[in-house]
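*Asks:*
Numbering (this note's numbering), first residue to last: 339 to 475.
1) Is residue 441 helix, strand or coil by DSSP?
2) Within 8 Å, do at least three Cβ pairs link the region 438-447 to the region 379-391?
3) Can you tell me whether residue 467 is helix, strand or coil according to DSSP?
4) Quick one: residues in its chain with C-beta nearer than 8 Å to the C-beta of residue 449, no 5 flanking neighbours on either side, listed in chain order?
5) Do residue 466 and residue 406 have their C-beta atoms within less than 8 Å of each other?
6) Measure the Cβ-Cβ separation of residue 414 and residue 456 and say whether it is below 8 Å.
7) Write down every uninterrupted run of the alpha helix (DSSP H) in the region 391-460 whose length is 4 residues or greater and which is fully enclosed by it, in chain order.
8) Taking Cβ positions, are residue 391 and residue 411 nearer each other than 8 Å?
9) Just the Cα atoms here: how many angstroms apart are residue 409 and residue 431?
10) Report, in whole angstroms, the separation of the C-beta atoms of residue 452 and residue 417, which I expect to be a contact under 8 Å.
Put into structure tokens, the structure is as follows:
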């Protein structure tokens, strides 16, 4: 801080750069927390799909939608793992350098598309899911 003509405190250029640095570090911190949150959601969805898979396998081939459920669950699990890997790559390379900015944007778009696929697959899984009566048999 510098003193002006009437003993005012005038912010210097260094304080502006500090503010910009703080804003950048806040953005980085937010982005890391967001990526971590998405990863945790992926883990919970993965656990949910494994539990549904277990129930479908327990119901056996006599279940009307056995094959479609196995296919949708397998696709969903595969895409969830791909999304987790993409998020890991995005999280670790996001701030390494600005040269990779274009490829990083492509990875973000790819992860969004894969998340959309997971949403569609899990919608079908929910629609074809087992009823409580089916599990008791």
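Virtual Cβ for every residue (Gly too), placed ideally from N, Cα, C.
None of these values were measured; they are calculated from a predicted model.
*Replies:* Result, derived from the coordinates:
1) helix
2) no
3) coil
4) 421, 424, 425, 428
5) yes
6) yes
7) 404-431
8) yes
9) 33 Å
10) 5 Å
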